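Numbering (the numbering used here), first residue to last: 127 to 778. Note that beta-carbon positions come from the ideal geometry of N, C-alpha and C, so glycine has one too. Quantities reported herein were computed from a predicted structural model and do not represent experimental measurements. Following: one structure in structure tokens, then a few remarks.
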């Protein structure tokens, strides 16, 4: 049995081994070469030095892209990537922020500087069902975002099935400096950021930052269907919408860089209030996060120790309802690049411990659980004539409280060829592996009796199985062409897909997380950027995703609610101190299983203008220019109203 004591012993041994290897590793002669090489850590592959060379659909969003977008959070930024859907719950800052990639959300892995930023209380198939909340990423700290689609479970383990989002935070400046930025916009939206770097010596820099965000105006969240409006219409104060009444957030960050070492510490908290019209209730939520990592990289060896803590308190004002979630993850990873038998190889091992705790209104439903994971892995590249065959293999073992241990071998194979003209052709097949969350397994929901409206019963499922399957990608890209472009086709198949299931028995319902028989998705996606002249450019992104799920082997296929068609266009202008962007987004071929709402295709346009002179930067953005309202899902959640955001930044 792989128990806690064994975990601690192995962690200690590997820690000593890993950092001994680092200490005695051969060092390059030039310090600057070491520093530059140490910063290369590419998402989706440890064998290449540039994301352009990753044999998969890969996209990069820069800090400049974020700045000109007028986005308030990471969810709004990620919709710039074709096929990344961030519509659900997007109208206000008070709602959890997540995205859907290739029709899935709990199968997407979020990294911050390579560290998994995930929770164990996610519930797929429900609101707030993502394993991460993108509000916990302060946009002011982001240098760039790398998004790699397709299965990366062989590299990163569980959850990296639909894709990986890696948020890379800003490095310290080369000389002591700082900046102040203020934003203001519709719905009493305010944001202020202060950031500074103190350079102590040629290889030591300390960076500190703080951001305060508020949204105090009433923002429409959810449109009630006609039946609910008629039922509630005679009650005092009942209106057509649920709406938020306030959001406040604080984000703190610290980065210390010393040669090949760096320490990253980030913490924050945010509070949300909203009103639900259906039952006339007021809701309050408090979240906070703390994460830090100690990192070493010299271009040959990479070591990292990290901690990630996430808490959420959810309450209904004026009642005894108070649900408290407390997640903690601690991990250690080490890998080394070297030649083995003449082959470029990276080998390493990951250790991780997840803890999840829930307490609520019924003590019989509380849980306090943990699981310990160990995962050795290896990646290597074999020359096959002019092509390369990249092989990845990972073994995961999970020792789980009150559950059956899990063992899984996760391979990935990729055949890629770089033509003389610079085009990269690739074909990749990767194993899918996703662990269920503690919340999904030990559903801590209290049974509810609404009298004439029926009874809602919630059942746990300790036999819930991990999701397993395969993802296949075929594509070509030319990122160095005059007009850079990429095009790919994918197919994904997942057995035992975990979803929230509701069975009806008259007016009563029984709810439980269950394994579906099969999930499948296929599609085509790509992007092309036309550099028209030195002032103008146009980027066209497109994605078609056909996703379906089958409940049992005898059931019919049911299609996903996500839009099948995702088209995005960005017209950019740059001339001297002036910049501008018109962003157009179209989501088509939508189906809502609830027929009380219209299934209109969605078209949203955003416009931003910026001016920079010396140390001052001014920006003005108008989002959802035509102020068109769309119902996004079966629950009636809507997109954001038209809003304006203005910002001023001063660098010193």
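DSSP-derived helix/strand/coil call for residue i
i: residue 177; result: helix
i: residue 578; result: helix
i: residue 723; result: coil
i: residue 190; result: helix
i: residue 195; result: helix
i: residue 213; result: coil
i: residue 202; result: helix
i: residue 267; result: helix
i: residue 280; result: helix
i: residue 657; result: strand
i: residue 398; result: strand
i: residue 528; result: coil
i: residue 156; result: With a pLDDT of 43 at residue 156, under the threshold of 50, the modelled position of that residue is not reliable, and the figure given next carries that caveat. Coil, per DSSP.
i: residue 490; result: helix
i: residue 565; result: helix
i: residue 261; result: helix
i: residue 587; result: coil
i: residue 592; result: coil
i: residue 336; result: strand
i: residue 458; result: strand
Rounded C-alpha distance that separates residue i from residue j
i: residue 467; j: residue 517; result: 15 Å
i: residue 589; j: residue 676; result: 19 Å
i: residue 707; j: residue 725; result: 29 Å
i: residue 328; j: residue 499; result: 39 Å
i: residue 572; j: residue 638; result: 12 Å
i: residue 269; j: residue 372; result: 29 Å
i: residue 250; j: residue 231; result: In this prediction, residue 250 has a pLDDT of 42, which is less than 50 and means its spatial position is unreliable; nothing more can be read from the coordinates.
i: residue 323; j: residue 282; result: 32 Å
i: residue 717; j: residue 759; result: 9 Å
i: residue 424; j: residue 174; result: 15 Å
i: residue 776; j: residue 428; result: 36 Å
i: residue 524; j: residue 414; result: 27 Å
i: residue 657; j: residue 242; result: 36 Å
i: residue 284; j: residue 304; result: 39 Å
i: residue 245; j: residue 435; result: 9 Å
i: residue 149; j: residue 386; result: Any reading at residue 149 must be qualified, since the residue scores a pLDDT of 39, below 50, and its modelled position is unreliable; the value itself is stated next. Computed Cα separation, rounded: 11 Å.
i: residue 662; j: residue 309; result: 27 Å
i: residue 450; j: residue 218; result: 22 Å
i: residue 546; j: residue 483; result: 55 Å
Residue i burial status per 10 Å Cβ neighbour count (16 or more: buried)
i: residue 701; result: exposed
i: residue 223; result: buried
i: residue 361; result: Because residue 361 carries a pLDDT of 47, less than 50, the predicted location of this residue cannot be relied on, and the following value inherits that uncertainty. Burial call: exposed.
i: residue 71; result: Beyond the ends of the chain as shown, which are 127 and 778, falls residue 71; an answer cannot be given.
i: residue 142; result: Confidence at residue 142 is low in this model, with a pLDDT of 37, below 50, so the placement of that residue should be treated as unreliable; the coordinate-derived value is given next. The residue in question, residue 142, is exposed, as its Cβ has fewer than 16 Cβ neighbours within 10 Å.
i: residue 151; result: Only weak support is given to the placement of residue 151: the predicted model assigns it a pLDDT of 42, under 50, and the value that follows is read from those uncertain coordinates. That one is exposed.
i: residue 421; result: buried
i: residue 363; result: Residue placement at residue 363 is flagged as unreliable, the pLDDT there being 43, under the threshold of 50; the coordinate-derived value follows with that caveat. Exposed, by the Cβ-count rule.
i: residue 162; result: With a pLDDT of 47 at residue 162, under the threshold of 50, the predicted position of this residue should be treated as unreliable, though the coordinate-derived value follows. Its Cβ having fewer than 16 others within 10 Å, residue 162 is exposed.
i: residue 236; result: buried
i: residue 606; result: exposed
i: residue 446; result: exposed
i: residue 155; result: Bear in mind that a pLDDT of 39 at residue 155, under 50, signals an unreliable position, so the number given afterwards is only what the model happens to contain. So residue 155 ends up on the exposed side.
i: residue 295; result: buried
i: residue 169; result: buried
For residue i, the nearest candidate out of the options (CA to CA)
i: residue 271; options: 203, 312 and 261; result: 203
i: residue 626; options: 647, 585 and 662; result: 585
i: residue 320; options: 370, 273, 332 and 306; result: 306
i: residue 470; options: 313, 504 and 495; result: 504
i: residue 332; options: 311, 390 and 288; result: 390
i: residue 720; options: 687, 450, 409 and 240; result: 687
i: residue 502; options: 490, 187 and 521; result: 521
i: residue 226; options: 177, 286, 771 and 432; result: 286
i: residue 442; options: 408, 528 and 172; result: 408
i: residue 374; options: 506, 546, 395 and 334; result: 395
i: residue 507; options: 464, 681, 622 and 263; result: 464
i: residue 761; options: 294, 308 and 349; result: 349
i: residue 757; options: 765, 751 and 750; result: 765
i: residue 279; options: 738, 742, 519 and 624; result: 519
i: residue 680; options: 376, 208, 172 and 644; result: 644
beta-carbon residue i near the ligand COA non-hydrogen atom, thresh 7 Å
i: residue 605; result: Summarising the ligand content, the structure contains no ligands, and the ligand COA is consequently not present.
Touch test, the segment 686 to 696 against the segment 663 to 678, Cβ-Cβ under 8 Å, three pairs minimum
The segment 663 to 678 and the segment 686 to 696 touch, with three or more beta-carbon pairs separated by less than 8 Å.
Between the segment 177 to 197 and the segment 550 to 562, do at least 3 Cβ pairs fall closer than 8 Å?
At 8 Å Cβ cutoff, the stretches touch.
Any contact between the segment 456 to 467 and the segment 475 to 484? By contact I mean 3 or more CB pairs, one from each, below 8 Å.
They touch, by the three-pair rule.
Across the segment 721 to 741 and the segment 191 to 198, are there enough close Cβ pairs to call them in contact, namely three or more that are closer than 8 Å?
Enough Cβ pairs lie closer than 8 Å, so yes.
Using a Cβ distance threshold of 8 Å, determine whether the segment 200 to 214 contacts the segment 556 to 570, with at least three qualifying pairs required.
Contact between the segment 200 to 214 and the segment 556 to 570 is absent: fewer than three C-beta pairs spanning the two stretches fall below 8 Å.
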